[in-house]
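What follows is one structure encoded as structure tokens, with my remarks underneath.
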Ligand code: 2M8
């Protein structure tokens with residue numbers, strides 16, 4: 002069974018391979034996405050390391066001069082109508098930092114990349130590749146600390162729900178509701194996504210209106226770091242994004258050390274961000290981390306599975322880790338199939354609508370790796386086993402109903418296949 006599942010996962014990665022990157026899904030997502038590529042590289046590391054290196058190189062070809070690593074690198078030659086918003090709508094030529102080619106979006110996604118680079122090296126050592134990636138990775142992390150650490154305490158902000166990777170999570174509802182959209186501020190647009198997935202499985206009309214309004218706000222500021230820092234209407238410190246950064250800084254320190262360079266500065270930054278997660282994002286009553294609204298100063302509802310991800314970076318001590326284990330094994334997240342991405346007991350939970358409740362393989366994978374690293378290998382093993390069972394029944398779907406196990410969204414989804422392959426090949430992120 003395991004061999005068959007591994008062969009099927011490899012076949013999905015093969016079908017979505019374009020020659021220079023792996024599409025997240027065959028129809029819905031025709032371009033290169035940032036954290037998707039990092040997960041795919043992790044899955045490919047033991048299977049096809051040369052391909053994993055090409056994937057990461059292709060993504061970093063879109064890096065901006067100021068170190069911003071864009072969330073989408075648009076596939077050359079693909080018509081703008083293939084995905085919305087395409088390169089034309091982003092109009093990143095407004096920034097002197099954006100590359101002219103390849104064309105890109107102007108926002109970021111969770112920084113899983115140093116971890117992916119380290120894992121590719123770990124599976125198939127190649128100091129030349131590490132050397133090549135060091136500078137672009139340092140520039141990327143420097144950008145996050147310089148442009149996104151709004152209070153100078155080590156926590157970095159996202160300025161768009163798409164930057165979280167968990168687009169329509171209820172975690173963003175209150176902050177988005179506080180933004181008023183002036184009439185006519187959002188030029189008309191097509192919902193290309195609805196040609197490929199049912200309405201009930203995708204973000205709502207209002208969500209898209211808000212997403213596209215924020216894109217206009219970036220453009221109005223010319224994608225300028227200082228102007229965005231000063232008054233961007235949406236600024237959230239998300240536990241998943243920050244925890245992934247902590248882990249990435251530590252992996253960057255490992256990369257530096259392997260090249261005979263001093264990585265102490267990266268370790269220090271990791272410590273600072275980890276401390277800020279502990280001090281600012283922990284909700285003692287819920288026993289879970291939550292997102293902090295940096296504009297209002299309010300800690301949001303501790304109801305997201307993203308609040309479990311600090312385990313991935315070894316952020317919590319044993320007492321908090323034990324509370325996270327209680328939270329994740331309880332009714333809120335672990336239904337018939339793990340893990341609901343939003344607490345099932347909360348009225349905002351929707352088992353079908355994208356990031357408002359369904360189970361996603363990358364969240365399960367991050368949490369399982371975190372459980373292993375924090376001394377809970379049994380729970381990690383159960384979680385990984387449950388994910389493999391889900392995928393073997395429902396296929397490599399984009400996301401899953403945590404109650405019925407039904408698969409939703411794109412079929413043949415790359416990161417579901419890649420992370421399944423990672424679990425089956427027995428490779429584990431070095432903690
Ligand atoms: C989803 O996001 C894009 C926008 O970036 C979309 O809805 O069109 C999210 O699930 C995100 O996490 C993911 O990286 C992307 C591609 O798989 O799709």
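Numbering (our numbering), first residue to last: 2 to 432. Every residue gets a Cβ at the ideal spot worked out from N, C-alpha and C, and that includes glycine.
Practice item. Give the single residue among 336, 114, 177 whose Cα lies nearest to the Cα of residue 296. Key: As a first step, residue 296 is located in the chain shown; it is residue number 295 there, counting from the start. Selected option, being the one with the closest Cα: 177.
Review point. Touch check for the segment 154-174 and the segment 351-362: three-plus C-beta pairs under 8 Å?
Key: yes
Check your understanding: the ligand 2M8 heavy atoms versus the CB of residue 166: any closer than 7 Å?
Key -> Taking the chain shown and counting its residues from 1, one reaches residue 166 at position 165. It does: the Cβ of residue 166 is within 7 Å (strictly closer) of some heavy atom of the ligand 2M8.
**Study point:** Anticipated Cβ contact below 8 Å, residue 107 with residue 137, distance rounded
**Key:** Position 106 of the chain shown, counted from the first residue, corresponds to residue 107. Position 136 of the chain shown, counted from the first residue, corresponds to residue 137. The pair is not a contact, with the Cβ atoms about 18 Å apart (cut-off 8 Å).
Point to revise | Contacts around residue 87, its chain only, beta-carbon distance under 6 Å, and the 5 residues preceding and following it disregarded | key: If you number the chain shown from 1, residue 87 lands on position 86. So the qualifying residues of the chain are 81.
Check your understanding: Which value, in whole angstroms, describes the spacing of the CA atoms of residue 429 and residue 248?
Key -> One-based indexing of the chain shown puts residue 429 at position 428. One-based indexing of the chain shown puts residue 248 at position 247. Confidence in residue 429 is poor, its pLDDT being 48 and thus under 50, which makes the residue's placement too unreliable to answer from.
Practice item. Please go through the segment 184-225 and give each complete alpha helix (DSSP H) segment of 4 or more residues, from N-terminal end onward. Key: 206-221
Practice item. Please go through the segment 72-115 and give each complete alpha helix (DSSP H) segment of 4 or more residues, from N-terminal end onward. Key: 88-91
Point to revise | Cutoff 6 Å; reference residue 397; Cβ partners in own chain excluding five residues on either side | key: Numbered from its first residue, the chain shown carries residue 397 at position 396. Hits under 6 Å: 13, 413, 414, 417, 418.
Exercise for review: Please state whether DSSP places residue 290 in a helix, a strand or coil.
Suggested key: Within the chain shown, numbered from 1, the residue matching residue 290 stands at position 289. Three-state result, residue 290: strand.
Practice item. For the alpha helix (DSSP H) holding residue 333, just list the boundary residues, first then last. Key: Looking up residue 333 in the chain shown gives position 332. No alpha helix (DSSP H) holds residue 333; DSSP gives it neither H nor E.
Point to revise | Burial state of residue 195, where buried means 16 or more other Cβ atoms lie within 10 Å | key: Taking the first residue of the chain shown as position 1, residue 195 is located at position 194. Flag for residue 195 reads exposed.
Check your understanding: Between the segment 196-203 and the segment 218-233, do at least 3 Cβ pairs fall closer than 8 Å?
Key -> no
Check your understanding: Do you know how far the Cα of residue 224 is from the Cα of residue 98?
Key -> Working through the chain shown from its first residue, we reach residue 98 at position 97. Working through the chain shown from its first residue, we reach residue 224 at position 223. Their Cα atoms are separated by approximately 9 Å.
Point to revise | Meets three-Cβ-pair contact criterion under 8 Å: the segment 202-218 and the segment 122-133 | key: no
**Study point:** Under 8 Å between C-beta atoms of residue 252 and residue 119
**Key:** Walking along the chain shown from the start, residue 252 turns up at place 251. Walking along the chain shown from the start, residue 119 turns up at place 118. Cβ atoms of residue 252 and residue 119: closer than 8 Å.
Exercise for review: Taking only runs that begin and end inside the segment 258-328, name each unbroken alpha helix (DSSP H) of 4 or more residues, in chain order.
Suggested key: 265-281
Review point. Grouping DSSP H, G and I as helix and E and B as strand, with all else coil, what is residue 356?
Key: Translated into positions along the chain shown, residue 356 becomes position 355. Residue state, collapsed to three classes: coil.
Exercise for review: Take residue 96 and list the residues in its own chain whose beta-carbon comes closer than 8 Å to its own, dropping the five residues that flank it on each side.
Suggested key: The residue you call residue 96 lines up with position 95 of the chain shown. Correct list, in chain order: 65, 107, 223, 224, 225.
Exercise for review: With DSSP as the reference, please indicate the residues paired to residue 401 in a beta bridge.
Suggested key: Stepping through the chain shown from its first residue, residue 401 is reached at position 400. Paired residues: 360, 408.
Exercise for review: Would you mind working out which of 280, 235, 217 sits nearest residue 92, comparing C-alpha positions?
Suggested key: Against the chain shown, residue 92 aligns to sequence position 91. Among 280, 235, 217, the Cα nearest to that of residue 92 belongs to 217.
Check your understanding: With a CB to CB cut of under 7 Å and the five nearest residues on each side skipped, what residues in its chain are close to residue 168?
Key -> The residue you call residue 168 lines up with position 167 of the chain shown. The residues are 162, 204, 355, 356.
Check your understanding: When DSSP labels each residue in this structure, what does residue 159 get in the three-state scheme?
Key -> Residue 159 sits at position 158 when you count from the first residue of the chain shown. Three-state result, residue 159: strand.
Review point. Within 7 Å: the Cβ of residue 72 and any heavy atom of the ligand 2M8?
Key: Reading the chain shown from its first residue, position 71 is the one you call residue 72. True, at least one ligand heavy atom lies under 7 Å from that Cβ.
Exercise for review: Check residue 141 in the structure and name its three-state DSSP category.
Suggested key: The residue you call residue 141 lines up with position 140 of the chain shown. DSSP places residue 141 in helix when its eight states are reduced to three.
Exercise for review: Helix, strand or coil for residue 238, going by three-state DSSP, please let me know.
Suggested key: As a working note, residue 238 is residue 237 in the chain shown. Residue 238: strand per DSSP, three-state reduction.
**Study point:** residue 186 and residue 114 closer than 8 Å at C-beta
**Key:** Numbered from its first residue, the chain shown carries residue 186 at position 185. Numbered from its first residue, the chain shown carries residue 114 at position 113. Cβ atoms of residue 186 and residue 114: not closer than 8 Å.
Exercise for review: Compute the distance between the beta-carbons of residue 352 and residue 404, then report whether it is under 8 Å.
Suggested key: Taking the chain shown and counting its residues from 1, one reaches residue 352 at position 351. Taking the chain shown and counting its residues from 1, one reaches residue 404 at position 403. Contact flag set, yes.
Check your understanding: For residue 140, which residues from the same chain have a beta carbon less than 6 Å from its beta carbon, with the 5 sequence-adjacent residues on both sides left out?
Key -> Counted from its first residue, the chain shown places residue 140 at position 139. Cβ neighbours of residue 140 beyond the five flanking positions: 68.
Review point. Roughly how many whole angstroms lie between the Cα atoms of residue 75 and residue 55?
Key: Numbered from its first residue, the chain shown carries residue 75 at position 74. Numbered from its first residue, the chain shown carries residue 55 at position 54. Cα to Cα, residue 75 sits roughly 16 Å from residue 55.
Exercise for review: Would you grab the beta carbon distance between residue 312 and residue 289 for me? Rounded to a whole angstrom, and I think it's under 8 Å.
Suggested key: Along the chain shown, one-based indexing puts residue 312 at 311. Along the chain shown, one-based indexing puts residue 289 at 288. Not quite, the Cβ-Cβ distance comes to about 11 Å (not below 8 Å), so this is no contact.
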